[in-house]
Amino acid sequence: MACVPLRHGCEDHWTWNRRDRSHEVRFVCSPFPSPAKPILFSLEMTVTVDQYLDNYPPSTPERKFWVRLYGPGLRVAYFHPNWSSGTAGVRGTRVLNNGRYYWEVCVSQRVFGTSMMFGVGTRRARLHVDAFMNLLGEDEQGWGLSHKGLLWHGGRWTHYTKPFRENVATTVGVLFDGIAGTITYYKDGINLGVAFKGLHEVREPLYPIVCSTAAKTEMTLAVMKRDFVNLQDRCRAVILKRVRSPNQLDRLRLPARIKAYLGEPMSETVQPFQPVNKYVLNSM
Numbered sequence: 001m002a003c004v005p006l007r008h009g010c011e012d013h014w015t016w017n018r019r020d021r022s023h024e025v026r027f028v029c030s031p032f033p034s035p036a037k038p039i040l041f042s043l044e045m046t047v048t049v050d051q052y053l054d055n056y057p058p059s060t061p062e063r064k065f066w067v068r069l070y071g072p073g074l075r076v077a078y079f080h081p082n083w084s085s086g087t088a089g090v091r092g093t094r095v096l097n098n099g100r101y102y103w104e105v106c107v108s109q110r111v112f113g114t115s116m117m118f119g120v121g122t123r124r125a126r127l128h129v130d131a132f133m134n135l136l137g138e139d140e141q142g143w144g145l146s147h148k149g150l151l152w153h154g155g156r157w158t159h160y161t162k163p164f165r166e167n168v169a170t171t172v173g174v175l176f177d178g179i180a181g182t183i184t185y186y187k188d189g190i191n192l193g194v195a196f197k198g199l200h201e202v203r204e205p206l207y208p209i210v211c212s213t214a215a216k217t218e219m220t221l222a223v224m225k226r227d228f229v230n231l232q233d234r235c236r237a238v239i240l241k242r243v244r245s246p247n248q249l250d251r252l253r254l255p256a257r258i259k260a261y262l263g264e265p266m267s268e269t270v271q272p273f274q275p276v277n278k279y280v281l282n283s284m
């Protein structure tokens, strides 16, 4: 029976990071670019990768990159658009420590290859290697689940669930509990049980990460939720249902530190929860 983690929480807002990434990642939002002209990006414009590639000559350097981010909010990661010669990863903008977060990654039907991985890692976790391998969890900097049903951390693996069916689309959910220090995975709405423990002891910032060795695979960031920390966090969530952009926030003419607190979820790198006192104390 399908279950909904953090059903009493609120929507979260983050995406795949186009700034803090390996050099193999490019973001694509302008359809049908001319290779003789600079590419102009519009984050609100949607274009399929096939449309983009069909209108980009094979000889252009842009086709060589291993991951392309596109779609609304750059939430779609398209791995190895032509062929694969290694492993590539993408890191999310959300810092996870000290909170409870749930997100789902919708995987296209191209489920195959050496390793497609879902999990979390620090900034020191590698996002690219010229080899086919289980990249997330190759060392102490990452914790990942591969599509073959194996958990990886510290270069070691353990059986966790049945291998994913090849060439069948699926949805992988990740529940990160920074209070209990656990990661729990879901597959197509089914709870697979606690996978990792002890993450509350990690002092470095942790981020969502996905990796793939398979060519022409697509991973779309779908559901994103987070748990409330306290009453002021709930109040902020209610306000942000009506205030959805920095421009709208500016019109409220609030004190600078209150505005900074309300605007935290709108920033590109989403930080862990901070109490409003951090912004208000000594501001008078």
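Counting with UniProt numbering, you get residues 1 to 284 for the letters of the sequence shown.
For every residue, glycine included, the Cβ atom is placed at its ideal position computed from N, Cα and C.
Top-ranked residue by Cα proximity to residue i, from the options
{"i": "residue 232", "options": "261, 176, 209 and 178", "result": "261"}
{"i": "residue 264", "options": "9, 14 and 3", "result": "14"}
{"i": "residue 111", "options": "223, 179, 208 and 164", "result": "164"}
{"i": "residue 181", "options": "99, 149, 95 and 81", "result": "99"}
{"i": "residue 190", "options": "104, 224, 125 and 126", "result": "104"}
{"i": "residue 145", "options": "186, 169, 259 and 91", "result": "186"}
{"i": "residue 122", "options": "143, 77, 178 and 239", "result": "143"}
{"i": "residue 204", "options": "196, 194, 192 and 97", "result": "97"}
{"i": "residue 149", "options": "179, 219, 193 and 141", "result": "193"}
{"i": "residue 201", "options": "109, 141, 248 and 162", "result": "141"}
{"i": "residue 160", "options": "240, 258, 73 and 195", "result": "195"}
{"i": "residue 169", "options": "188, 249, 235 and 239", "result": "188"}
{"i": "residue 67", "options": "239, 16 and 114", "result": "16"}
{"i": "residue 179", "options": "167, 199 and 162", "result": "199"}
{"i": "residue 266", "options": "79, 73 and 3", "result": "73"}
{"i": "residue 167", "options": "113, 197 and 81", "result": "113"}
Contact with chain C by residue i, beta-carbon distance below 8 Å
{"i": "residue 187", "result": "Among the protein chains of the structure shown there is no chain C, as only one such chain exists."}
Short Cβ contact (8 Å threshold) for residue i with residue j
{"i": "residue 128", "j": "residue 154", "result": "no"}
{"i": "residue 86", "j": "residue 139", "result": "no"}
{"i": "residue 152", "j": "residue 136", "result": "yes"}
{"i": "residue 106", "j": "residue 213", "result": "no"}
{"i": "residue 18", "j": "residue 69", "result": "yes"}
{"i": "residue 119", "j": "residue 5", "result": "no"}
{"i": "residue 228", "j": "residue 9", "result": "yes"}
{"i": "residue 102", "j": "residue 94", "result": "no"}
{"i": "residue 92", "j": "residue 208", "result": "yes"}
{"i": "residue 108", "j": "residue 184", "result": "no"}
{"i": "residue 77", "j": "residue 224", "result": "no"}
{"i": "residue 126", "j": "residue 221", "result": "no"}
{"i": "residue 84", "j": "residue 256", "result": "no"}
{"i": "residue 12", "j": "residue 251", "result": "no"}
Beta-carbon separation (whole angstroms), residue i vs residue j, contact threshold 8 Å
{"i": "residue 117", "j": "residue 243", "result": "So it is not a contact: roughly 36 Å between Cβ atoms."}
{"i": "residue 249", "j": "residue 259", "result": "6 Å"}
Assigned secondary structure, residue i (DSSP; H/G/I helix, E/B strand, else coil)
{"i": "residue 177", "result": "strand"}
{"i": "residue 13", "result": "coil"}
{"i": "residue 32", "result": "Residue confidence is low: residue 32 scores 33 on pLDDT, short of 50, so the model does not pin down where it sits. Its coordinate-derived value is still stated next. Three-state result, residue 32: coil."}
{"i": "residue 131", "result": "coil"}
{"i": "residue 6", "result": "coil"}
{"i": "residue 214", "result": "coil"}
{"i": "residue 200", "result": "helix"}
{"i": "residue 73", "result": "helix"}
{"i": "residue 266", "result": "helix"}
{"i": "residue 104", "result": "strand"}
{"i": "residue 88", "result": "strand"}
{"i": "residue 79", "result": "strand"}
{"i": "residue 221", "result": "strand"}
Beta strand (DSSP E) segment containing residue i, residue limits
{"i": "residue 191", "result": "190-196"}
{"i": "residue 156", "result": "156-159"}
{"i": "residue 184", "result": "182-187"}
{"i": "residue 68", "result": "67-70"}
{"i": "residue 331", "result": "A question about residue 331 goes unanswered here, because the residues of the chain that appear run from 1 up to 284."}
{"i": "residue 153", "result": "150-153"}
{"i": "residue 144", "result": "142-146"}
Enclosing alpha helix (DSSP H) for residue i [first to last residue]
{"i": "residue 256", "result": "256-263"}
{"i": "residue 95", "result": "Element bounds for residue 95: n/a, residue is neither H nor E."}
{"i": "residue 236", "result": "231-240"}
{"i": "residue 249", "result": "246-250"}
The ligand COA heavy atom lying under 7 Å from the CB of residue i
{"i": "residue 95", "result": "This structure lacks the ligand COA, and indeed carries no ligand of any kind."}
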